[in-house]
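Below: one structure, written as structure tokens.
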Amino acid sequence: MTTPLRISVLGPVRAWRADEELDLGTPQQRAVLATLVLREGRQATLEALIDAVWGDDPPRTSALTLRTYVSRLRQVLGADVIVTAGGGYLLRLEPGTLDLADFTAAVAQARASRDPGEAAQLLHEAESLWQGPALADVPGSYAAAQRVRLERERQTASEERLALDVASDRAGVAVTELTALVEEHPLDENLSGLYMLGLSRTGRQAAAIAEYGRIRDLLADELGLDPGAALRDIHQRILVGELSPVLQAAGSLAAGSLAAGSQRPAAVLPAGGMPAPAVVGPAAGVLVPEQLPLGNRDFVGRAALLDQLAELLVTPGVSAPVVGLVGLGGMGTSTVAIHLAHRVRPSYPDGQLYADLRAGGDAGVVLTGFLRSFGVPATEVPDALSERAALWRTVSCGRRLLIMLDHVATAEQLRLLLPAGTGSAAIITGSRRIPDLPVTQWVTLPAFEPEESVELFRRIAGRDRVNTEHDAALRFAAACSHLPLAVRLGAERLAARPTWSVASIGERLRVEMRQPVALHEDCIRVEAPFERDLALLRAADPLAAVAFGLVALPEAEEITAAAAARLLDLPETEAERLMESLVDAHLVEPAGYQRYRYHEIVRWFARRKAIAAHSQAYRDAVLARLGESAESTLPKRALRAV
């Protein structure tokens, strides 16, 4: 009878027969074994093994060296353990041979159990299999990425067990453990929520409330995020002393319902106290890319919109949700998209991918990057774009991925880059809506509400300083048309000038906006996104780009399609088409049926474009076309030239 073999990867990579530890050779040879283990009985090609062991810089003799490593491992483990399959190798192990398989099985059994006590014990046994960081003695970037993934799985199991403990008579023991974990992972909302529940369960409500204050402030300072809805709800329940709902909230936390900020997949414990399926972790043997840009630390506003979109993105459906954010340049579409992506990222534990497609970014290059992020060797990425897209659909199918695509310009870009299957989601931004796209919901981002503008001003320029001139701050924000980028740049300028008042910078802005040429760097930076939007419009509809400047010449808060027709000396139907084209480009806003308006800050930009493109005599002639009827057509202010 063959002596049982035992292999361990949850710690240093080691192997035994009975009580005798086997010599697995050099770190690179151990890396070969580890890679085969992580394939879970699936074939690993020679190229994939070379990539896992040496990365992008393999030696010239890598294929020969790899075969030598496999030969030596067969001598140690047995010829029937590593078998040749196609152009590579696979590992055949009997049940009970591998600690990772035992860990996975114990966690699955715990989640299927109807007995909370049994589930907690199984999870404890699963955790006890770990003997340090996974693959601890294996070099290389592939092993490093797998180490991170496996550590997340361990942490998820730990949180599941802690959630069960918090809802049981072991809450005090759980609090002791959570105290150390929260200190180690200060931004983890799931751990913080469990800690708050444990503190409340053991009669330490004040400490639980203090913990909420700590993580709320830290999330704002470090990531520009607010606590997720579930954590806010737990805080509120603790405040009003609803202990039973607090215990039910442990199940909410454990089921992965934190809406924002969690650093890894959530644990599992439903309200009834019996385990349920978790948010699944990454598939074994794959990398877990985390490519989202950092959020703004001083992010404000958009709360209702973020709640609505987050619910859409995390609610299962018959198709993968795609949210499209569009708006005037400088309105913050990218900022909001990044904030939203961070908020829902715990629901997509298999990876979060990001690409900026500004200036017609090459979707083929992005596809290559996506594939490489999941460990596809460069040599296995097809040259043909259609084949590359097909491989991406294969790689992404069955995984829960979040894709953020910034500045999408064409339908083809999105179709190529969307993941396959219904378990993933995408957030895209662009200058305008694109027809014929599989977008679940388009959102045109509006300007800030007045108090949102002032709050952003406070966070950047200083709360006390702005509060003493609140009305002046409101006037400044209104002069910025409550455009987030303009408010931010003005606040940054004020922060750099401690002797200036809010009123003084507001007056400077009003003077600078009315100059025939933008002179100050901040004005140029505010107008840079308008320039990009106008350039895109000019390429698509040149006459609309001309109309953009001319229709801004009258001093009127609104303009009708009929007035635009007079100004442009065009039939009213054509003038309306041009104005609607400007609406689609977000350079003007609809103000009613056949009525339009500019944001004030955009109006002055448009006038500067008209001044640069047309003589004074031509501009006077354009305005003269309105004639005596100008006042009735533009009722809100008297007509005058720039």
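Residue numbers (full-length UniProt numbering): 1 to 642.
Yeah, the Cβ is synthetic: ideal placement off N, Cα and C, and Gly gets one too.
What first and last residue would you give for the beta strand (DSSP E) that runs through residue i?
i	result
R17	R14 to R17
residue 652	This structure does not reach residue 652, given that the chain is present from 1 up to 642, and the question cannot be answered.
P590	E589 to G592
V182	Looking at the DSSP string, V182 is not in any beta strand (DSSP E); the run it does join, the alpha helix (DSSP H), is A171 to E184.
L90	G88 to L91
Taking residue i as part of the alpha helix (DSSP H), name the residues at either end of that continuous run.
i	result
I238	A229 to V240
T84	Premise fails: T84 lies in the beta strand (DSSP E), I82 to A85, not in any alpha helix (DSSP H).
T68	S62 to L77
S200	E189 to R201
E449	Looking at the DSSP string, E449 is not in any alpha helix (DSSP H), and its letter there is neither H nor E.
A544	P542 to L550
V466	R463 to N467
V166	S141 to V166
M331	Looking at the DSSP string, M331 is not in any alpha helix (DSSP H), and its letter there is neither H nor E.
F299	Careful: F299 lies outside any alpha helix (DSSP H) and carries neither H nor E.
V37	P27 to L38
S128	P116 to S128
Tell me which same chain residues have a C-beta within less than 6 Å of the C-beta of residue i, skipping the five on either side of it?
i	result
E47	P377 and T379
R538	A545
V344	A310, L313 and V314
A136	G11 and P12
Y69	Q29 and V32
E455	V300
With a threshold of 8 Å on Cβ separation, who are the neighbours of residue i within its own chain once the five nearest residues in sequence on each side are excluded?
i	result
E127	R154, A157, S158 and R161
R625	R566, L567 and D569
S141	G55
L306	V336, H339, L340 and R343
L225	L219, A260, G261, G295, F299, H339, H342 and R343
P227	E189, Y212, I215, R216, L219, H235, A260 and G261
D464	none
R358	D406 and H407
Considering only DSSP beta bridges, list what residue i is partnered with.
i	result
R597	E589
D356	D406
I559	Y596
I7	A15 and L98
E21	W16
V322	A426
A44	Y89
E290	Q352
So, is residue i buried or exposed, given that buried needs 16 or more other C-beta atoms within 10 angstroms?
i	result
G285	Annotation note: pLDDT 37 at G285 (below 50); position unreliable, no value reported.
P346	buried
C523	buried
D165	buried
S581	buried
S424	buried
C397	exposed
E492	exposed
E211	buried
Y618	exposed
G41	exposed
L494	buried
S319	exposed
Y593	exposed
E531	exposed
T429	buried
A171	buried
R39	buried
T333	buried
G241	exposed
L64	exposed
A15	buried
D362	exposed
V366	buried
Skipping 5 residues on each side, what residues in its chain have a beta carbon closer than 7 Å to that of residue i?
i	result
L33	V13, L24 and L73
E572	A561, A562 and A565
D541	S581
V182	L191, S192 and Y195
P590	V583 and Y596
D80	R92
I460	D298, R488, A491, E492 and A495
G506	A472, R475, F476 and A479
Compare the C-beta of residue i with all C-beta atoms of chain B and state if any pair is closer than 8 Å.
i	result
L313	Reference to chain B is not applicable here, since this structure consists of a single protein chain.
Is residue i near the ligand SAH, in the sense that its beta carbon is under 7 Å from a heavy atom of that ligand?
i	result
E159	In the structure on display, the ligand SAH does not appear, and there are no ligands present to speak of.
**Prompt:** Counting only runs that start and end within the segment 343–403, where is the beta strand (DSSP E) found for 3 or more residues in a row?
**Reply:** 352–356
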